[in-house]
Structures are given as C-alpha cells and as structure tokens.
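Report on one structure; see the data block that follows.
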Amino acid sequence: MMRRHGQALIGFVFVLGLVLGCAPAKEATPTTAPAGAPALTPSKPAAAPTKPSGTPSPQPRYGGILILGYGLEAPTLDIHQENVIGTTLQTAPSYVGLVQYDPEAYPAQKIVPDLAKSWEISADGKVYTFHLVEGAKFADGMPVTAEDAKYTLDRLRNPSAFDMARSPRGAQIRAISKTEIVDKYTLRVTLEHAQASLMSSLATSQYFGVVPKHVGTERLTKEIVANGPFKWKAYTRGIGFELVRNPDFFVKGRPYLDGIKGYVIPDDSARFAALRTGSINYRAPMPFMTVAQTKVIDEQMRDKIAYEWAFHPAWYGITFNVKKAPWDDRRVRQAVSLAIDRSVGLDLVLKGAGVKVISVLPPGELTGGLTLSEKELAAVPGYAKADIEAAKKLLEQAGHARGIKDEMLVRSVAVYQDTAVFAKEQLAKVGIDLSLKVVESTIFNNAKIRGDYTISVGAMGFNGTDPDLVLVESVVTGGGWNWSGYSNPRIDELFQKQSAATNPEERKRIVLEMEKIVLDDAPDAPFFYVQVAHAWWKKLRNYRAPAVHMYGNMRFENVWLSE
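The sequence shown lines up with residues 0 to 562 when you count with numbering that gives the first Met the number 0.
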C-alpha cells in the first residue's frame with residue numbers, strides 16, 4: 000500500500016480515488032475548446048483549394064526542389080539514436096520502415112504496407128511474420144533484406160550492443176523477445192506477450208526506419224544511406240542539408256520532386272519571415288508557429304499560404320529528477336503541480352492552441368476513452384485551478400516552510416522558455432524561487448539523459464495517444480523519455496498487463512489504476528498537450544498535416560510543386 004504524506008495529500012488521493020472509481024464505461028462527450036482556440040480534433044485542411052463541382056484535380060508534375068526551414072540542429076544523423084527535429088527532417092525522406100501510416104487517409108490512423116508488402120499475426124498476438132518487397136535497394140546499391148530489418152529491430156532493442164549511446168524509442172518494442180530470418184525477404188518477430196501498440200510504433204518510420212546492417216553505427220551517425228524516396232547529398236552544420244531524388248526507390252514513379260533543401264533558421268521571426276517571402280515553401284513545425292502568426296496568414300496571405308492545425312501528442316511542463324533533493328519528496332512534487340494554474344498557462348504560452356492536462360496521459364477524448372476524460376480530470380486537485388494553500392501546506396509538511404531555491408534547466412526554444420517563465424512566476428507564489436538555466440537543445444538533452452539536473456522545463460512527445468506508447472516512454476522504468484528517473488515496480492507490473500490485455504474494459508481498468516498511481520507519485524508536472532500549425536505555400540500540392548505525430552508526414556514522396 001502506498002504511503003500517504005499529510006492531510007493535503009490525503010485529500011488529493013481521496014478525490015482522485017472518487018474520480019477513478021466513478022469512471023464511466025463509455026467515452027465521455029468531447030468538450031468544447033476555449034473561444035478562439037483550435038478544436039480538439041484536427042481542422043479541415045487549409046491547403047485544399049475551393050473548386051467548382053466536377054473540376055478535375057490537377058495532375059502531379061515532376062521536378063522542382065522543396066525548400067524548407069527548421070529551427071533545431073541535428074546532433075547526429077542516426078535515426079535510432081536521435082529524436083529531435085533536426086535529425087528527423089533530414090532522415091525521414093530517406094528511410095522507410097516495415098509499415099507506415101497512410102498519409103492519404105488523414106485524419107484516420109491507417110497502417111499500410113511499406114517495406115513489408117504483407118504480414119501475418121498469430122492468433123495469440125505473439126508472432127508477427129513480415130514479407131518484404133523484393134528489389135528495394137540502399138543508396139549504395141546493396142539490397143534491402145530481412146537481415147537489415149532484423150538488424151534494425153535488434154539495435155533499437157539493445158543499443159549498447161551496437162555501439163549506440165541510446166535508443167530513445169527502444170522501450171516501445173521491449174516486448175520483442177526474438178527476431179529470426181525465415182528467408183532473404185521474410186522476418187519473424189516473436190513477443191514475450193501480446194503488445195497492443197507494436198504496429199503503431201513500427202508505423203512511425205521516422206524513428207523505426209530500416210537501416211543497412213553492412214554500414215554500421217559510426218557511419219550512420221554521419222551519413223544517410225537511404226532506402227527511401229530521397230538520398231543524401233550534403234549536410235553542413237549550422238547551414239542545412241540537401242537531398243536528391245533516389246532513382247532506385249522501390250515505389251515506381253515516386254518521388255515527384257527532384258530534391259529537398261533544408262535550412263537551419265533558429266530565430267522564429269526570421270523563419271516566419273522566410274515563409275512569408277517565399278524563401279522557404281514549407282515551414283517545419285518545430286519550433287511551431289504561434290496563433291498570432293496564423294492570424295497574419297489569414298489576414299494577409301491566405302491566397303498563397305496554407306496552414307492546418309493538428310493535435311500533437313506532446314506535453315509541455317516540468318520534469319523532476321526524483322533522485323535529487325528536494326524533488327525526491329513526493330509532497331514537494333505535488334505542491335508544484337497544485338501551484339500551477341494550467342488555464343492561465345494555456346492562454347499565456349499557447350494562446351489556447353492546446354489541451355490542458357495534469358496527467359502524463361492525454362484525456363480520454365484523445366485515447367479512445369482509455370484514460371480520464373476532461374470532465375473527470377476536472378475533479379483532480381490542481382486541474383481546474385491552482386490550489387496555493389494546499390501547495391503551501393505540503394511544502395511545510397516536507398520541511399520547506401521557508402521556501403525552496405533551485406536552478407531550472409530550460410531548452411533554448413522560445414515556447415519552452417515562455418513555459419519556464421510562466422512556471423517560475425507561478426511557483427514564486429508558494430515560495431519556490433527558481434533561476435532559469437537556458438541551454439541549447441543538445442546540451443539540454445544530454446543533461447536530461449545523464450540526470451545532470453534537478454528540475455527542468457521542456458516537452459515530452461510520443462508516437463501517438465495510445466497509453467501503451469505514452470506510458471512506456473514516460474513512467475516505465477528505463478523508458479526512453481523517463482528523464483525523471485522514476486521507477487515504481489507496481490507501474491511496471493501494470494504496464495505489462497495493460498499492454499497484453501485483449502479485453503478493452505479490462506485494459507481501461509488497468510490504465511486508470513496506473514493513471515491514479517502516477518498522478519499520486521507526480522514524477523512530472525504536465526501543463527498542456529499542444530496543437531501544431533503546419534504551414535506551406537499552396538504551390539506545394541498534396542501535402543497534409545500528419546494524423547498521428549508532428550513529424551509523421553515528412554517523406555514528401557507524394558507531394559509535388561505546381562510551378
């Protein structure tokens with residue numbers, strides 16, 4: 000049985016228990032977004048031009064260079080070691096996975112073949128057999144075979160055995176116990192237990208793309224050896240990259256473009272200016288556009304530039320290092336969560352372009368009803384409004400009646416810095432005095448991985464909204480995004496049970512129990528999940544915002560330039 004710390008915490012757990020105990024079996028009706036904010040569900044695409052009924056769609060044309068601007072540098076080019084936009088933008092057009100999300104099915108999350116032309120799943124959900132296309136090649140002329148697919152899954156699961164520093168997404172496929180070569184183009188994958196989200200993970204090919212076994216890790220950090228629609232030409236740190244059409248891409252007739260050029264533009268205003276002037280024709284969504292910038296497009300350039308809002312499964316807020324004082328005390332972490340007025344933060348930081356949260360899990364409206372709905376979350380202390388007095392009582396009980404002073408690590412991205420300033424001002428009300436240490440992204444990520452911090456502000460992003468994907472990364476022991484160092488054997492046990500559960504109601508019961516424990520332990524203090532505006536010039540045709548993940552539709556094999 001979990002320990003309880005003081006009257007305020009008892010009240011928190013009691014109310015939370017009532018919320019979870021009364022959770023309805025059916026998904027709650029989605030709530031209405033605040034006035035002026037994007038809706039919870041993705042909007043209709045701004046890119047689609049209005050045409051008279053019966054007017055034929057324009058025919059794709061070959062040629063042209065897609066020019067994009069992005070804000071964050073790539074630490075390395077190894078897609079299995081990195082998960083920042085700088086790496087993803089350069090590599091996503093060049094690597095394909097076993098399966099993918101169909102970009103034409105937006106907003107549906109439909110998984111379709113990629114390198115695997117077909118697959119079978121055993122009746123017990125523990126054995127997957129993938130049949131690969133024949134004739135696919137890497138850019139150096141070597142064939143793509145089951146050996147490469149096996150190598151990819153093995154290095155993701157066991158990075159140290161392949162001279163990798165880390166595998167941020169490896170925890171998502173931790174259920175895999177064995178990979179076997181059946182023949183040159185057939186791979187068999189055996190799981191320890193059924194895993195509800197395995198195919199969802201594999202379909203995010205920007206992280207689970209198949210890489211060449213014969214190349215090795217050292218070269219993959221410095222060079223892209225493509226099997227996708229575009230192959231590597233050049234990369235200059237601090238300037239950008241260049242990709243060109245891969246003539247050996249196994250999908251006939253693709254891509255339409257001659258190539259892609261990407262330019263690093265760290266300053267947000269300069270990046271938006273480049274979009275407005277046409278210096279770039281696609282603005283990468285991270286760091287993403289502000290609501291104010293979309294209004295400028297509406298008022299001045301809607302005839303030339305399109306944008307589309309899409310939910311992105313990434314929360315912004317505070318992560319604690321639960322192994323370092325004073326944040327090793329659960330009462331202190333809960334006090335922080337209680338002191339934050341999330342409604343104010345959503346308005347100030349994101350201008351309403353997001354979904355308020357207090358749990359690491361998105362609300363049930365976005366998880367198929369598997370988690371607490373927004374209505375249920377409203378009863379959780381600290382969600383509807385801040386509780387300053389309860390926060391102060393918890394700090395007093397923890398021995399910090401005179402307050403806390405510490406340094407908060409902040410990633411040098413404008414929206415994170417805005418979030419940090421908001422958090423600093425909020426926590427000052429309960430006597431927590433935080434100075435801000437702003438560092439560039441690589442330094443920030445390395446510090447979090449090493450545990451070289453006490454408290455930080457940043458984001459935690461996932462491949463989708465399924466609890467399996469969120470929990471394995473953030474709260475399961477050793478998860479790729481479990482930067483807090485949080486470890487609870489009960490959580491690990493329940494995670495395995497929910498992942499293998501085949502009955503939806505049984506799985507929901509387990510997930511809700513996990514949500515209760517995590518809210519009580521508070522290894523993180525999430526503020527809000529975000530919605531992202533994707534923007535591009537309308538001459539870029541057939542582009543859609545991704546339905547699953549902010550970086551999900553960046554292969555660009557089906558887009559073309561109309562001029």
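No residue lacks a Cβ here, since even glycine has one placed at the ideal position from N, Cα and C.
Distance from the CA of M407 to the CA of Y452, rounded to the nearest whole angstrom, comes to 8 Å. In this structure P286 is buried. Its beta-carbon is surrounded by 16 or more other beta-carbon atoms within 10 angstroms. Sequence-distant Cβ neighbours of L365 in its own chain, meaning closer than 6 Å and more than five residues away, are T464. Look at the beta carbons and you see the region 230–246 touching the region 73–92: at least three pairs across the two are nearer than 8 Å. T235 sits in a strand when the DSSP states are folded into three classes.
Rounded to the nearest whole angstrom, the C-alpha separation of A419 and T178 is 43 Å.
Between the region 380–393 and the region 309–322 there are fewer than three inter-stretch CB-CB distances shorter than 8 Å, so the stretches are not counted as touching. In the three-state reduction of the DSSP assignment, G551 falls in the coil class.
If you look at G344, you'll find it isn't in any beta strand (DSSP E); it sits in the alpha helix (DSSP H) that goes R341 to L349. By alpha-carbon distance to S200, the top candidate from E439, V469 and L76 is V469.
It is roughly 43 Å from the alpha-carbon of N245 to the alpha-carbon of P503. Bridge pairing for V456: I317 and V409 [DSSP].
Contiguous alpha helix (DSSP H) elements confined to the region 379–425 occur at 387–396, taking only those with 4 or more residues.
The alpha-carbon of P325 is positioned some 38 Å away from that of T220. Taking a contact to require three or more Cβ pairs closer than 8 Å, the region 350–370 and the region 522–532 qualify as touching. The region 440–451 and the region 409–419 touch, with no fewer than 3 CB-CB distances between them shorter than 8 Å.
The C-beta separation of F129 from L186 comes to about 5 Å, placing the pair in contact by the 8 Å criterion.
Bridge pairing for H533: E307 [DSSP].
A Cβ-Cβ contact shorter than 8 Å links N280 with K538. Taking each of R60, V83, P362 and V243 in turn and checking the Cα distance to G551, the smallest one comes out for V83.
Q99 is bridged by DSSP to V111. Bounds of the alpha helix (DSSP H) holding S200 are L197 to L201. In the structure shown, V224 falls within a coil segment according to DSSP collapsed to helix, strand and coil. Contact annotation, R489 with Q497: C-beta distance approximately 12 Å; criterion of less than 8 Å not satisfied.
Beta-bridge partners assigned by DSSP to V263: Y69.
Cβ contact annotation for M163 (same chain, cutoff 8 Å, sequence separation greater than five): D77, H79, Q80, R154 and T216, in chain order.
When only Cα atoms are considered, V111 and Y100 end up about 6 Å apart. Here V379 is not near A422, since their CB atoms are 8 Å or more apart.
Remark: C-beta atoms of D405 and L433 approach each other more closely than 8 Å.
Per the coordinates, the alpha-carbon of I387 lies some 18 Å from the alpha-carbon of L518. With a cutoff of 8 Å on beta-carbon distance, K125 and H192 are scored as near each other. Distance between A458 and G484, taken at the CA atoms: about 16 Å. Counting only runs of 3 or more residues that sit fully inside the region 437–500, the beta strand (DSSP E) segments are 454–460, in chain order. Taken through DSSP and simplified to helix, strand or coil, G363 comes out as helix. Here DSSP, grouped into helix, strand and coil, assigns K374 to helix. Looking at R330, G363, K260 and K447, the one whose alpha-carbon comes closest to that of L394 is R330.
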